[in-house]
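J.: Numbering (our numbering), first residue to last: 10 to 276. Even glycine gets a Cβ: it sits at the ideal position worked out from N, Cα and C. In this text, all values refer to a predicted model and were calculated from it rather than measured experimentally. Dropping the structure in here first, questions after.
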Amino acid sequence: MKDWDDEFDNVGHVPNALGYFDTWAERAAEFRKMHLKADLDQPYGTGTRQRMDIFWPEEIPIGLIVLIHGGYWKRLDRSYFSDLAAGPLAHGWAVSIPSYTLAPDAHIHEMTAEIAQATTTFAQQVNGPIRIIGHSAGGHLATRMMCKDTALDASIINRIENIVSISGVHDLRNLYHTELNEVLRLSAEEAVSESPYLQTPLSGIPLTCWVGADERPEFISQTKILHEKWSEMGVDAQLVIEPSMHHFTVVDSLKDMNSEMVKALLG
């Protein structure tokens, strides 16, 4: 039987993994100092963590990017990821990075609802197409937005042109057997209902499933199974396994306006 704690253990398999969090926080804070055209700490609900940072391009936005942070649904917030807005911003897109209530204060289905609420609030402020991208737990939450049971209104869904999941967890059932679940508090029922892999996707929204080649085998598998299944269900899905990238470096390409990841997001 597999050791599921080890299978999902990114930190334990990357040297000085926790040091990446400090690096992320530092470079994100520097970006916020340099990019003054921003509305920081904007509410999208009444909860303490129901806040988002919005970064604006120099001209009228072409459209809206919702960037959802990771952290295994239990750590981090939007302040670690501000600089990842740089690539889309350079192409004229507005970027919103929401925080959301973390476990154990919220169950995953509540986080899913919060991201839908944040997306709706942002979409009400700006016209144009919407694209959603997320990393790790954020990759899971991004793909939850294109499941048929999404809380998004049809007027919002009709504006979504693309979704990118980076290193997402799409079948939550094996998390039920990990120590992590002491914090997540997943029931067997929620592990099914919150797994995009086990849900029916909306039609007409393209999906890119992205993962680093040097990530844990389980994360590569999680990416492949969603791509395969949703492709069979009619989704225009692309699979990218990026060479030499692990779980904590794979998101860096979002900072580069000419990167393949930014091209996949913006088309």
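(1) Does the segment 121 to 135 touch the segment 88 to 100, meaning 3 or more C-beta pairs lie closer than 8 Å?
(2) Distance check for Thr-159 and Pro-52, CA to CA, integer angstroms please.
(3) Starting from the C-beta of Asp-50, find all residues in its chain whose C-beta is less than 6 Å away, skip the five residues before and the five after it, and write them out in chain order.
(4) With a CB to CB cut of under 6 Å and the five nearest residues on each side skipped, what residues in its chain are close to Lys-46?
(5) In whole angstroms, what is the alpha-carbon distance linking Gln-133 and Asn-25?
(6) To which residues does DSSP link Asn-171 through a beta bridge?
(7) Between the alpha carbons of Gly-80 and Trp-33, how many angstroms are there, rounded?
(8) Taking the straight line between their C-alpha atoms, what separation do you get for Ala-271 and Pro-215?
(9) In the DSSP assignment, what residue or residues form a beta bridge with Phe-131?
(10) In terms of residue numbering, what span does the beta strand (DSSP E) encompassing Trp-219 cover?
(11) Would Thr-209 and Cys-156 be called neighbours here (beta carbons separated by less than 8 Å)?
(12) May I ask which residues mark the beginning and end of the beta strand (DSSP E) holding Phe-228?
(13) Taking the alpha-carbon of Glu-16 as reference, which of Ser-240, Glu-241, Val-244 and Gln-231 has the nearest alpha-carbon?
(14) Checking 8 Å against the spacing of the C-beta atoms, do Leu-274 and Pro-113 come in under that value?
(15) So, Ala-151 versus Ile-141, is the Cβ gap smaller than 8 Å?
(16) Does the Cβ-Cβ distance between His-116 and His-149 come in under 8 Å?
(17) From the DSSP output, read off the bridge partner residues of Glu-251.
(18) Report, in whole angstroms, the separation of the C-beta atoms of Ser-174 and Trp-219, which I expect to be a contact under 8 Å.
(19) So, Pro-70 versus Gly-143, is the Cβ gap smaller than 8 Å?
T.: In terms of the structure at hand:
(1) no
(2) Counting from one through the sequence shown, the residue named residue 52 turns up at place 43. Counting from one through the sequence shown, the residue named residue 159 turns up at place 150. So the alpha carbons of these two residues sit roughly 21 Å apart.
(3) The sequence position of residue 50 within the sequence shown is 41, counting from 1. These residues qualify, in order along the chain: Arg-60.
(4) By one-based count along the sequence shown, residue 46 stands at place 37. Counting only Cβ-Cβ distances below 6 Å, and skipping sequence neighbours, we find Trp-65.
(5) As a first step, residue 133 must be located in the sequence shown, where it is residue number 124. As a first step, residue 25 must be located in the sequence shown, where it is residue number 16. Whole-angstrom Cα-Cα distance: 41 Å.
(6) If you number the sequence shown from 1, residue 171 lands on position 162. Answer is Arg-140, bridged to Asn-171.
(7) The residue you call residue 80 lines up with position 71 of the sequence shown. The residue you call residue 33 lines up with position 24 of the sequence shown. Cα to Cα, the separation comes out at about 12 Å.
(8) In the sequence shown, counting from the first residue as 1, residue 271 sits at position 262. In the sequence shown, counting from the first residue as 1, residue 215 sits at position 206. Looking at the sequence shown, residue 271 is not Ala but Val. Spanning the two alpha carbons is a distance of roughly 15 Å.
(9) Stepping through the sequence shown from its first residue, residue 131 is reached at position 122. Paired residues: none, contrary to the question.
(10) For the purposes of this step, residue 219 is taken as residue 210 along the sequence shown, with counting starting at 1. Unbroken beta strand (DSSP E) run through Trp-219: 216 to 221.
(11) Here residue 209 refers to the residue found at position 200 when the sequence shown is read from its first residue. Here residue 156 refers to the residue found at position 147 when the sequence shown is read from its first residue. Yes, the pair counts as a contact, with Cβ atoms nearer than the cut-off.
(12) Taking the sequence shown and counting its residues from 1, one reaches residue 228 at position 219. That residue, Phe-228, is in no beta strand (DSSP E); its alpha helix (DSSP H) goes 226 to 241.
(13) To locate residue 16, count along the sequence shown from 1; it is residue 7. It is Gln-231.
(14) Residue 274 sits at position 265 when you count from the first residue of the sequence shown. Residue 113 sits at position 104 when you count from the first residue of the sequence shown. No, these two residues do not count as a Cβ contact at 8 Å.
(15) Within the sequence shown, the letter at position 142 stands for residue 151. Within the sequence shown, the letter at position 132 stands for residue 141. Yes, these two residues count as a Cβ contact at 8 Å.
(16) For the purposes of this step, residue 116 is identified with residue 107 of the sequence shown, where counting begins at 1. For the purposes of this step, residue 149 is identified with residue 140 of the sequence shown, where counting begins at 1. Contact flag unset, no.
(17) For the purposes of this step, residue 251 is taken as residue 242 along the sequence shown, with counting starting at 1. DSSP, once it has assigned bridges, lists Gly-221 as partnering Glu-251.
(18) Taking the first residue of the sequence shown as position 1, residue 174 is located at position 165. Taking the first residue of the sequence shown as position 1, residue 219 is located at position 210. The pair is a contact, with the Cβ atoms about 7 Å apart (cut-off 8 Å).
(19) Working through the sequence shown from its first residue, we reach residue 70 at position 61. Working through the sequence shown from its first residue, we reach residue 143 at position 134. No; because the gap between Cβ atoms is not below 8 Å, this pair is not in contact.
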